[in-house]
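First the structure, in the form of structure tokens, and then the observations on it.
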Amino acid sequence: MTSQVSSPAEQADGTVVGEQRKPAGAKDVRRLNRVIIRFAGDSGDGMQLTGDRFTSETASFGNDLSTLPNFPAEIRAPAGTLPGVSSFQLHFADHDILTPGDAPNVLVAMNPAALKANIGDMPRGAEIIVNTDEFTKRAMQKVGYETSPLEDGSLDGYHLHPVPLTTLTVEALKEFDLTRKEAERSKNMFALGLLSWMYHRPTEGTEKFLKSKFAKKPDIAAANIAAYRAGWNFGETTEDFAVSYEVAPAAKAFPPGTYRNISGNLALAYGLIAASRQADLPLFLGSYPITPASDILHELSRHKNFGVRTFQAEDEIAGIGAALGAAFGGSLAVTTTSGPGVALKSETIGLAVSLELPLLVVDIQRGGPSTGLPTKTEQADLLQAMYGRNGEAPVPVVAPRTPADCFDAALEAARIALTYRTPVFLLSDGYLANGSEPWRIPEAGELPDLTVQFAQGPNHTLDDGTEVFWPYKRDPHTLARPWAVPGTPGLEHRIGGIEKQDGTGNISYDPANHDFMVRTRQAKIDGISIPDIEVDDPDGAKTLVLGWGSTYGPITAAVRRLRADGDAIAQAHLRHLNPFPHNLGDVLKKYDKVVVPEMNLGQLATLVRAKYLVDAESYNQVNGMPFKAEQLATVLKETIDG
290 MTSQVSSPAE
300 QADGTVVGEQ
310 RKPAGAKDVR
320 RLNRVIIRFA
330 GDSGDGMQLT
340 GDRFTSETAS
350 FGNDLSTLPN
360 FPAEIRAPAG
370 TLPGVSSFQL
380 HFADHDILTP
390 GDAPNVLVAM
400 NPAALKANIG
410 DMPRGAEIIV
420 NTDEFTKRAM
430 QKVGYETSPL
440 EDGSLDGYHL
450 HPVPLTTLTV
460 EALKEFDLTR
470 KEAERSKNMF
480 ALGLLSWMYH
490 RPTEGTEKFL
500 KSKFAKKPDI
510 AAANIAAYRA
520 GWNFGETTED
530 FAVSYEVAPA
540 AKAFPPGTYR
550 NISGNLALAY
560 GLIAASRQAD
570 LPLFLGSYPI
580 TPASDILHEL
590 SRHKNFGVRT
600 FQAEDEIAGI
610 GAALGAAFGG
620 SLAVTTTSGP
630 GVALKSETIG
640 LAVSLELPLL
650 VVDIQRGGPS
660 TGLPTKTEQA
670 DLLQAMYGRN
680 GEAPVPVVAP
690 RTPADCFDAA
700 LEAARIALTY
710 RTPVFLLSDG
720 YLANGSEPWR
730 IPEAGELPDL
740 TVQFAQGPNH
750 TLDDGTEVFW
760 PYKRDPHTLA
770 RPWAVPGTPG
780 LEHRIGGIEK
790 QDGTGNISYD
800 PANHDFMVRT
810 RQAKIDGISI
820 PDIEVDDPDG
830 AKTLVLGWGS
840 TYGPITAAVR
850 RLRADGDAIA
860 QAHLRHLNPF
870 PHNLGDVLKK
880 YDKVVVPEMN
890 LGQLATLVRA
900 KYLVDAESYN
910 QVNGMPFKAE
920 QLATVLKETI
930 DG
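If you read the sequence shown in my numbering, its first letter stands for residue 290, the second for the next number, and so on.
See the structure below:
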């Protein structure tokens with residue numbers, strides 16, 4: 290590659306770049322406004338750690354960013370095979386961005402499998418850095434390469450950088466008392482150092498991280514730091530990399546405030562802690578480990594100082610059973626899981642509906658059915674959340690739209706659960722859970738007041754003047770029943786799954802009472818106070834694209850592309866899926882066409898068609914990956930023109 294070649298971002302997607310500059314005695318430096326990088330290798334090559342460190346330094350530098358980790362379900366997938374490839378994609382920019390990007394500008398391929406698994410996503414002109422040490426005849430044949438792609442001309446359309454990463458790493462660490470195998474493990478740090486040089490990333494944070502991570506093994510920490518610095522120095526001295534790139538901080542993309550990089554699961558955990566503090570209730574998590582929800586359990590277990598109690602149960606049923614017991618006892622109760630776990634928890638969720646107790650059911654959706662695709666993303670649990678229980682058991686459903694939004698969605702789910710005394714589904718997914726973006730840390734005064742008033746004494750007077758406590762005497766505005774903490778004198782009452790008599794809470798088999806209680810529980814959910822849906826329609830469009838959950842980023846990016854080309858299109862995005870916003874029906878009827886992109890086979894579209902009798906068009910994808918913006922833009926363009 291020479292300094293005369295256009296930047297990869299410019300060739301790949303028409304990104305505008307600044308003028309090239311060359312300080313005295315230094316290599317050429319070119320200014321870009323955004324870059325998409327993908328690290329790929331075996332699941333044991335440390336690609337997730339490498340991507341995470343590059344992301345952390347990028348966040349500290351002030352760029353806007355979005356990430357897409359992608360890894361096998363196996364703890365140690367077969368080395369050198371296509372199913373064993375692990376990758377981490379990062380999109381960072383000097384302006385507001387919404388997705389991890391469609392096509393990488395740079396691919397770091399640690400072996401032939403990584404190259405073959407990812408080359409199809411690379412646009413012509415992109416940069417490809419390959420670890421030549423791994424391109425042995427056997428390794429190439431394992432993934433179907435008859436000849437070396439580094440020599441047969443198949444990569445001529447790319448800027449190829451053959452780098453013997455393993456050899457260079459071992460050479461850089463020869464002064465350390467390490468076996469060759471131990472030294473080779475640091476090749477991901479060499480690659481990270483090289484990419485950090487190419488894009489002028491800060492280095493102090495990574496070195497500090499390595500010292501902390503290997504604090505009990507200072508020799509390993511020193512070796513990793515040495516490999517990291519060697520990668521940086523290689524970029525600075527080799528003639529193969531004639532240009533480095535700068536992506537300025539996204540100063541105009543963020544409102545004033547203090548920011549940090551955050552993943553969806555971490556934001557959700559923080560949101561749950563904030564909700565418990567705002568409600569002045571202890572937080573109890575009853576959970577069983579399951580991908581991709583386990584990180585929430587891990588994170589909350591670290592925060593006992595905030596009154597958080599975490600219980601890792603023997604199975605999903607025990608986890609939610611303990612959580613419901615904690616709700617009865619006056620805690621903000623949570624259970625976390627994914628789709629297979631929801632199936633096991635469904636009976637207890639129905640019990641929570643009958644008991645009318647607040648309970649947060651956090652479902653981090655993944656590909657199904659059954660075990661399905663544990664590490665891939667999907668939105669296919671919406672109908673399960675809506676209807677996956679016996680009897681009429683309505684449950685509110687809330688869905689975050691971005692990783693950072695998981696914090697606010699957790700607060701909103703807690704508000705509904707506590708105010709209306711009901712279990713609430715919080716539907717995140719693997720894309721949001723593992724992805725990350727900058728998050729503005731809110732001030733305490735910005736958080737909602739979730740204070741709860743427990744029942745303190747009798748609330749009903751009998752005909753003979755006796756004052757008693759009726760556990761199912763409802764608030765006239767919310768239809769919520771009182772929340773009585775066990776052990777409060779005079780508030781003893783029955784609980785259980787058998788139908789209760791309105792007011793008294795006594796067991797009742799009366800048909801009229803059952804009809805009344807079923808309709809009342811439904812009316813309580815239907816009457817939940819939520820904001821109207823907002824429509825982004827600056828041009829008076831005839832086509833509306835309606836989304837929910839993690840499709841927000843790709844949909845919004847696609848809408849921006851269409852509007853930049855002069856097309857009129859409206860956008861609306863649902864946070865509340867049960868109940869729907871009260872103005873949704875009126876909004877849908879204003880448009881000639883309604884398109885609903887979903888990572889399922891049309892679940893929201895089915896609900897919208899049934900409830901509002903609109904001819905909503907589905908656009909569906911269930912390949913375990915999020916939508917690409919260009920893909921959606923093409924589909925929406927066809928709808929507008931059709």
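The beta carbon of each residue, even a glycine, is placed where N, CA and C say it ideally should be.
Quick one: residues in its chain with C-beta nearer than 7 Å to the C-beta of residue i, no 5 flanking neighbours on either side, listed in chain order?
i: arginine 518; result: Gly482
i: leucine 613; result: Ala622, Thr637, Leu640, Ala641, Leu646 and Leu648
i: serine 349; result: Pro491 and Gly494
i: alanine 918; result: Thr388, Asp391, Pro843, Ala846, Ala847 and Arg850
Just the Cα atoms here: how many angstroms apart are residue i and residue j?
i: lysine 879; j: glutamine 860; result: 13 Å
i: serine 355; j: threonine 421; result: 29 Å
i: leucine 561; j: valine 452; result: 46 Å
i: serine 659; j: arginine 365; result: 21 Å
i: alanine 313; j: glycine 414; result: For alanine 313, the predicted structure reports a pLDDT of 45, less than 50, and the residue's modelled location is therefore unreliable. The matter cannot be settled from this model.
i: aspartate 875; j: tyrosine 901; result: 9 Å
i: alanine 504; j: phenylalanine 479; result: 20 Å
i: threonine 691; j: tyrosine 559; result: 15 Å
i: alanine 531; j: leucine 621; result: 57 Å
i: methionine 429; j: leucine 484; result: 25 Å
i: arginine 808; j: proline 775; result: 28 Å
i: arginine 729; j: lysine 497; result: 23 Å
i: glutamate 788; j: asparagine 407; result: 56 Å
i: aspartate 569; j: glycine 628; result: 30 Å
i: isoleucine 705; j: serine 590; result: 24 Å
i: valine 741; j: tyrosine 709; result: 11 Å
i: threonine 832; j: valine 684; result: 31 Å
i: aspartate 791; j: leucine 379; result: 55 Å
i: glycine 608; j: glycine 630; result: 10 Å
Among residues of its own chain, excluding the 5 on either side of residue i, which ones have a beta-carbon nearer than 8 Å to its beta-carbon?
i: proline 361; result: Ser332, Pro372, Gly373, Val374, Ser375 and Thr664
i: proline 915; result: Leu357, Thr388, Pro389, Thr666, Tyr720, Ser839, Thr840, Gly842, Pro843 and Met888
i: methionine 411; result: Ala392, Pro393, Leu396, Ile417 and Tyr447
Which residues bound the alpha helix (DSSP H) around residue i?
i: aspartate 697; result: 694–709
i: arginine 427; result: 426–431
i: aspartate 249; result: Residue 249 cannot be examined here, being either before or after the span of the chain that is shown, 290 to 931.
i: asparagine 550; result: Premise fails: asparagine 550 lies in the beta strand (DSSP E), 548–552, not in any alpha helix (DSSP H).
i: aspartate 341; result: 336–350
i: proline 401; result: 401–407
i: tryptophan 521; result: 507–526
i: glutamine 668; result: Per DSSP, glutamine 668 belongs to no alpha helix (DSSP H) and is neither H nor E.
What residue does the beta strand (DSSP E) around residue i start on, and which one ends it?
i: arginine 320; result: 317–321
i: glutamate 906; result: 906–909
i: tyrosine 901; result: Premise fails: tyrosine 901 lies in the alpha helix (DSSP H), 892–901, not in any beta strand (DSSP E).
i: asparagine 748; result: Note, asparagine 748: premise wrong, no beta strand (DSSP E); not H, not E.
i: arginine 729; result: 725–729
i: isoleucine 417; result: 416–420
i: leucine 481; result: Looking at the DSSP string, leucine 481 is not in any beta strand (DSSP E); the run it does join, the alpha helix (DSSP H), is 476–487.
i: alanine 682; result: Looking at the DSSP string, alanine 682 is not in any beta strand (DSSP E), and its letter there is neither H nor E.
i: tyrosine 251; result: As shown, the chain starts at 290 and ends at 931. That puts residue 251 outside it, with no answer to give.
i: aspartate 391; result: Note, aspartate 391: premise wrong, no beta strand (DSSP E); not H, not E.
Compute the minimum distance between the beta carbon of residue i and the heavy atoms of the ligand PLP, and state whether it is under 7 Å.
i: leucine 851; result: The model depicted lacks the ligand PLP and carries no ligand whatsoever.
Measuring CB to CB, does residue i end up less than 8 Å from residue j?
i: tryptophan 772; j: threonine 793; result: no
i: leucine 574; j: threonine 625; result: yes
i: glutamate 535; j: arginine 320; result: yes
i: alanine 702; j: valine 713; result: yes
i: leucine 633; j: alanine 641; result: no
i: alanine 563; j: leucine 736; result: yes
i: glutamate 726; j: threonine 495; result: no
i: valine 687; j: leucine 715; result: yes
i: lysine 316; j: serine 565; result: no
i: aspartate 353; j: aspartate 385; result: yes
Suppose the cutoff is 6 Å on Cβ atoms and the five residues either side in sequence are ignored; what does the same chain contact list for residue i look like?
i: valine 924; result: Tyr908
i: glycine 610; result: Thr637
i: alanine 537; result: Asp383
Inspect the CB distances between the stretch 369–383 and the stretch 325–338 and report whether three or more fall short of 8 Å. Yes, the stretch 369–383 touches the stretch 325–338.
Can at least three beta-carbon pairs, one atom from the stretch 453–465 and one from the stretch 511–525, be found at a separation below 8 Å? yes
Count Cβ pairs between the stretch 812–828 and the stretch 863–883 that sit closer than 8 Å; are there 3 or more? yes
Meets three-Cβ-pair contact criterion under 8 Å: the stretch 893–908 and the stretch 848–858: no
Flag this pair as touching only if the stretch 583–596 and the stretch 536–544 have three or more C-beta atom pairs under 8 Å; answer yes or no. no
Using 8 Å as the cut-off, can you tell me whether the stretch 783–803 makes contact with the stretch 670–690, which would need three or more C-beta pairs spanning the two stretches below that distance? no
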